[in-house]
DNA sequence: GACGTGACTTGATCACATATGA
DNA sequence: TCATATGTGATCAAGTCACGTC
């Protein structure tokens with residue numbers, strides 16, 4: 001290979017661098033354990049009017065046919081199941097597929113729900129009454145008259161500004177961020193006391209382009225709206241360092257089946273789902289009644305497929321009690337059907353509680369071994385020989401040429417430390433800055449191009465081949481139900497891409513091998529065949545109190561783990577999702593008292609109590625994360641409890657400016673007006689400290705969460721984020737949805753979604769082509785406006801009986817009637833309007849990520865119910881995977897409110 | 001109570017697929 | 001038909017929080 005001068009891709013890295021009890025106390029909160037919480041949640045939810053507490057998705061199916069509900073009563077379906085639509089389909093979709101129109105479905109659903117509505121309402125009031133005064137020591141006051149119960153709404157005014165990520169973002173970018181403004185709502189009465197801060201603030205962008213025009217005029221916006229084992233040399237070392245830490249296995253004495261008689265010979269191990277079925281059946285047959293999956297026992301308590309909708313509703317309501325009623329009939333049913341689909345909600349989810357009874361899966365799939373390409377990199381301009389191991393790591397580095405990591409000294413330092421170990425002391429390569437990886441990078445580009453140039457048939461064949469190889473790893477059978485596995489692929493080796501200024505970025509993430517991996521599987525299930533001949537799993541466990549199928553120690557941080565879990569659409573995940581939202585809904589009943597209590601503590605003499613009060617206030621009002629302590633070998637980011645003095649600036653008379661790096665090193669910049677006692681308290685916490693000192697020096701997340709649990713069972717800091725996000729969506733949708741077509745309603749939804757994303761500070765980097773796209777749109781609009789002008793002239797002339805003027809090229813235009821011209825003008829106007837609206841949306845959302853909140857914070861029942869009420873096809877809001885993830889929420893009552 | 005471990009959720013980003021428009 | 005925009009799923013890093021141990 002020709003030697004090139006190392007002109008461009010050369011590194012200059014030098015490896016030489018080297019008082020009183022808490023007011024909130026409750027009677028019996030000494031142990032607010034999960035069980036207690038679960039029962040509280042169940043109680044609360046059963047008292048609410050969602051019309052589906054504890055309910056599983058009926059026969060609502062995700063379009064991919066993979067949601068667990070879709071598998072109900074099925075034998076194991078093929079992964080290529082036909083798409084089946086949800087019952088709240090778009091009219092378009094339903095006309096092609098079903099007899100009943102979606103409207104019909106909606107209506108039916110509504111009337112059905114209407115029946116239960118009244119009862120539900122009664123239930124709500126009962127629930128509220130029962131839960132109204134959960135906090136001991138807080139006297140119920142007339143909320144409307146008590147300023148304390150309106151900690152912010154009545155007194156705040158401010159501007160906030162959430163800025164862009166990391167130091168890499170320009171100041172300009174920051175100034176262009178959406179900047180919510182928080183304002184006072186003047187009303188003395190505050191019927192929205194349950195609402196989050198945002199519901200009462202007026203958050204506006206301080207940049208003209210950022211605020212969406214259609215909404216700016218609305219002063220009554222809800223909350224948001226206003227605010228290796230890599231070769232033998234490392235083997236021993238790694239085995240030592242990756243020894244399984246003292247886990248809490250259920251069956252300690254039986255941890256390793258690797259050498260036990262139970263381990264089948266490789267040839268005996270089932271490798272297809274078909275064989276999995278057989279094994280599950282065998283497993284089931286051996287079980288006595290107690291071991292029948294509760295999900296299946298539940299199955300028996302709900303009528304079969306032929307049940308009417310109303311029966312489904314009834315079944316829904318008795319789900320929790322049905323957990324207890326295990327009846328023999330279910331066992332019979334179980335035996336009679338191959339794979340009885342569980343109802344959507346699994347029985348237990350508390351820590352240490354049984355999560356499954358039988359679990360069968362095929363383990364994990366490993367990335368293919370490294371194939372050396374033989375392209376020689378250059379050292380001092382000369383090609384150098386590398387072993388395949390050395391070349392592999394060099395290639396990992398070379399392909400990152402175009403990334404920001406290449407400008408980071410830490411990245412290169414860490415890479416060199418690890419790579420030089422692989423090279424050995426006698427290797428020609430002594431310094432990274434004399435290396436030229438260009439040839440490998442060029443090779444990489446060529447490979448990419450080759451791949452791109454493949455015909456669609458070739459691509460398809462490759463895809464099918466991959467699917468064939470992976471098929472058996474994609475599914476697990478949990479309590480007899482086929483469920484999708486999430487991340488069944490073992491992470492390939494690479495260079496660690498820590499975010500922000502992560503001290504370990506660039507370190508080699510070595511290849512994970514079978515003996516790094518611990519498998520968790522049902523006791524009677526066959527142990528998955530190790531896919532690499534001659535190797536074996538590290539350990540086999542049968543722990544049914546956890547949901548992971550496999551784990552290995554993170555090679556970058558060996559004390560941490562990488563888990564293989566079921567996919568988001570699985571029943572287990574759905575169950576915990578639902579519990580999360582129920583907990584957040586429960587907070588709604590407590591929030592008034594919690595706010596009153598922390599407001600009183602702003603001025604208490606006990607500094608720790610003061611700090612707890614102020615921190616809770618910030619978490620509630622600004623949706624800050626809790627902020628756990630971090631080690632030195634992690635990126636230097638903070639949350640509420642770990643805020644430094646220098647992260648908060650007091651701006652008289654009562655504004656606070658927050659500026660810190662949060663999760664993922666995303667910058668949070670926000671100036672907000674706060675209540676005077678909060679402002680003063682922050683000032684006191686800062687006094688006598690340096691900028692790098694902890695603002696809340698008497699506080700950490702465990703103290704804070706322990707305190708929160710005294711206020712509400714199961715309450716932790718993160719519940720506030722879910723609560724604020726969901727209630728904001730609920731209120732905005734309710735207030736802002738107007739009559740109009742579906743497109744307009746979808747815009748309303750997006751707007752609400754955007755406000756939530758702003759509250760949660762969900763950012764995304766501006767797309768590289770953003771400015772080009774904007775200029776293109778501007779050009780088009782200008783062009784259309786020109787056309788419009790011409791059309792108007794032509795219309796004037798046509799009305800006077802004159803022919804149209806010639807066009808820009810001097811050609812004669814068609815002589816059109818005034819009516820035709822008027823029609824054209826209207827069409828052009830509509831086009832311009834649409835383009836301007838698109839442009840506005842694009843600008844508004846250029847740094848806001850909507851997806852995260854939709855996936856993690858917004859109770860899907862709010863969305864589904866809203867879609868039902870306003871006849872918006874759910875597919876307009878949820879994509880295929882969200883439909884599968886939220887299958888449990890699809891049969892919600894249209895009148896559901898968060 | 002501090003600390004470490006373990007299990008889970010949350011989150012930004014990237015590559016690829018699909019839609020859209022010239 | 002091709003180029004570009006947009007949507008989607010996968011990936012894996014980085015959080016939260018419960019619990020065990022000392």
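Numbering (full-length UniProt numbering), first residue to last: 1 to 898. The beta-carbon is built from N, C-alpha and C at its ideal position, and this holds for glycine as well.
Which residues does DSSP pair with residue 553 in a beta bridge? Position 553 of the first chain, counting from 1, holds the residue named residue 553. Bridge partners of residue 553: 561.
Return yes when the Cβ of residue 673 is within less than 7 Å of the Cβ of residue 647, no when it is not. In the first chain, the residue the question calls residue 647 occupies position 647. In the first chain, the residue the question calls residue 673 occupies position 673. In this structure, residue 647 keeps its C-beta atom at 7 Å or more from the C-beta atom of residue 673.
Report yes if the CB atom of residue 378 is closer than 7 Å to the CB atom of residue 436, and no otherwise. On the first chain, residue 378 is found 378 positions in, with the first residue counted as 1. On the first chain, residue 436 is found 436 positions in, with the first residue counted as 1. Their beta carbons are under 7 Å apart, which means residue 378 touches residue 436 by this criterion.
Helix, strand or coil: which one does DSSP assign to residue 353? Position 353 of the first chain, counted from the first residue, corresponds to residue 353. Reduced to three states, the DSSP call for residue 353 is coil.
Beta carbon of residue 745 nearer than 7 Å to that of residue 607: Against the first chain, residue 745 aligns to sequence position 745. Against the first chain, residue 607 aligns to sequence position 607. No, the Cβ-Cβ distance between residue 745 and residue 607 is not below 7 Å.
Just checking my contact of residue 846 with residue 825 at CB under 8 Å: how many whole Å lie between their CB atoms? Here residue 846 corresponds to residue number 846 of the first chain, with the count starting at 1. Here residue 825 corresponds to residue number 825 of the first chain, with the count starting at 1. The Cβ separation is near 32 Å, so there is no contact.
In whole angstroms, give me the CA-to-CA distance for residue 901 and residue 575. The structure shown does not extend to residue 901, since the chain is modelled only from 1 through 898, so no value can be given for it.
For residue 788, write down the residues that DSSP places opposite it in a beta bridge. Position 788 of the first chain holds residue 788. Partner(s): none; residue 788 has no beta bridge.
Inspect the CB distances between the segment 753-763 and the segment 718-731 and report whether three or more fall short of 8 Å. By the criterion of at least three beta-carbon pairs nearer than 8 Å, the segment 753-763 is in contact with the segment 718-731.
For residue 899, three-class secondary structure by DSSP: This structure gives no information on residue 899, because the portion of the chain shown stretches from 1 to 898.
What is the residue span of the alpha helix (DSSP H) that residue 895 lies within? On the first chain, position 895 is the one that residue 895 refers to. Membership of residue 895 in any alpha helix (DSSP H) is not indicated, and neither H nor E is assigned to it by DSSP.
So is residue 710 buried or exposed if we call it buried at 16+ other beta carbons inside 10 Å? Taking the first chain and counting its residues from 1, the one referred to as residue 710 is at position 710. The residue is buried, with at least 16 neighbouring Cβ atoms inside 10 Å.
Report yes if the C-beta distance between residue 861 and residue 889 is below 7 Å; otherwise report no. In the first chain, residue 861 corresponds to position 861, counting from 1. In the first chain, residue 889 corresponds to position 889, counting from 1. In this structure, residue 889 lies closer than 7 Å to residue 861 by Cβ.
To the nearest angstrom, report how far apart residue 397 and residue 495 are at their CA atoms. Within the first chain, residue 397 is the residue found at index 397, counting from 1. Within the first chain, residue 495 is the residue found at index 495, counting from 1. C-alpha separation (whole angstroms): 7 Å.
Would you call the segment 614-626 and the segment 740-755 touching, i.e. three or more CB-CB distances under 8 Å? No, because fewer than three Cβ pairs between the segment 614-626 and the segment 740-755 fall closer than 8 Å, the two stretches do not touch.
Taking all protein chains shown into account, do 16 or more other C-beta atoms lie within 10 angstroms of the C-beta of residue 357, making it buried, or fewer, making it exposed? One-based indexing of the first chain puts residue 357 at position 357. Its Cβ being crowded by 16 or more others within 10 Å, residue 357 is buried.
For the alpha helix (DSSP H) containing residue 880, list its first residue and its last residue. Numbered from its first residue, the first chain carries residue 880 at position 880. Counting along the chain, the alpha helix (DSSP H) containing residue 880 begins and ends at 880-885.
For the beta strand (DSSP E) holding residue 626, just list the boundary residues, first then last. Numbered from its first residue, the first chain carries residue 626 at position 626. Careful: residue 626 lies outside any beta strand (DSSP E) and carries neither H nor E.
From the DSSP output, in three-state form, read off residue 659 for me. Mapped onto the first chain, residue 659 falls at position 659. Correct three-state label for residue 659: strand.
Let me confirm a value: residue 300 is counted as buried when at least 16 other C-beta atoms fall within 10 Å, else exposed. Which label applies? Here residue 300 refers to the residue found at position 300 when the first chain is read from its first residue. Interpretation of residue 300 is limited by its pLDDT of 29, a score under 50 that renders its predicted location unreliable; no figure is taken from the coordinates.
Does DSSP put residue 654 in a helix, a strand or coil? The residue labelled residue 654 in the question sits at position 654 within the first chain. DSSP places residue 654 in coil when its eight states are reduced to three.
Using a Cβ-based criterion (distance less than 6 Å to any ligand heavy atom), does residue 605 qualify as near the ligand ATP? Questions concerning the ligand ATP fall outside what the structure shown contains, since it holds no ligand whatsoever.
With contact counted as at least three CB pairs below 8 Å, one residue from each stretch, are the segment 459-466 and the segment 518-534 in contact? no
Counting C-beta neighbours from all protein chains within 10 Å, is the total for residue 353 16 or more, i.e. buried, or is it exposed? The count along the first chain starts at 1 and reaches residue 353 at position 353. It is exposed - the Cβ of residue 353 has fewer than 16 other Cβ atoms within 10 Å.
Compute the beta-carbon to beta-carbon distance between residue 585 and residue 555, rounded to the nearest angstrom, for a pair I have assumed lies under 8 Å. Working through the first chain from its first residue, we reach residue 585 at position 585. Working through the first chain from its first residue, we reach residue 555 at position 555. 40 Å between Cβ atoms; not a contact.
Cβ atoms of residue 777 and residue 794: under 7 Å apart, would you say? Counting from one through the first chain, the residue named residue 794 turns up at place 794. Counting from one through the first chain, the residue named residue 777 turns up at place 777. No; because the gap between Cβ atoms is not below 7 Å, this pair is not in contact.
Does the Cβ of residue 500 have 16 or more other Cβ atoms within 10 Å, making it buried, or fewer, making it exposed? Counted from its first residue, the first chain places residue 500 at position 500. Buried, by the Cβ-count rule.
Paired residues, beta bridge with residue 673 - DSSP: For the purposes of this step, residue 673 is taken as residue 673 along the first chain, with counting starting at 1. As DSSP reads the structure, residue 673 sits in a beta bridge with 655.
What is the DSSP secondary structure of residue 360, counted as helix, strand or coil? Here residue 360 corresponds to residue number 360 of the first chain, with the count starting at 1. Assignment of residue 360 by DSSP, reduced to helix, strand and coil, places it in the strand class.
Considering only residues of the same chain and omitting the five flanking positions on each side of residue 857, which have a CB-CB separation below 7 Å? Taking the first chain and counting its residues from 1, one reaches residue 857 at position 857. Excluding positions up to five away in sequence, the list reads 721, 722, 725, 726, 756, 760.
Would you identify the three-state DSSP class for residue 399, choosing helix, strand or coil? The sequence position of residue 399 within the first chain is 399, counting from 1. Correct three-state label for residue 399: coil.
Exposed unless 16 or more other CB atoms sit within 10 angstroms - verdict on residue 392: To locate residue 392, count along the first chain from 1; it is residue 392. That one is buried.
To the nearest angstrom, how far is the alpha carbon of residue 368 from that of residue 514? By 1-based counting over the first chain, the position of residue 368 is 368. By 1-based counting over the first chain, the position of residue 514 is 514. Distance between the alpha carbons of residue 368 and residue 514 is about 13 Å.
Please state if the CB of residue 700 and the CB of residue 650 are separated by a distance shorter than 7 Å. The residue you call residue 650 lines up with position 650 of the first chain. The residue you call residue 700 lines up with position 700 of the first chain. No, these two residues do not count as a Cβ contact at 7 Å.
Look up residue 489 in the DSSP assignment and give the residues it is bridged to. Residue 489 sits at position 489 when you count from the first residue of the first chain. In DSSP, residue 489 forms a bridge with 365.
Among 504, 605, 645, whose alpha-carbon lies nearest the alpha-carbon of residue 631? Taking the first chain and counting its residues from 1, the one referred to as residue 631 is at position 631. For residue 631, the nearest C-alpha among the options comes from 504.
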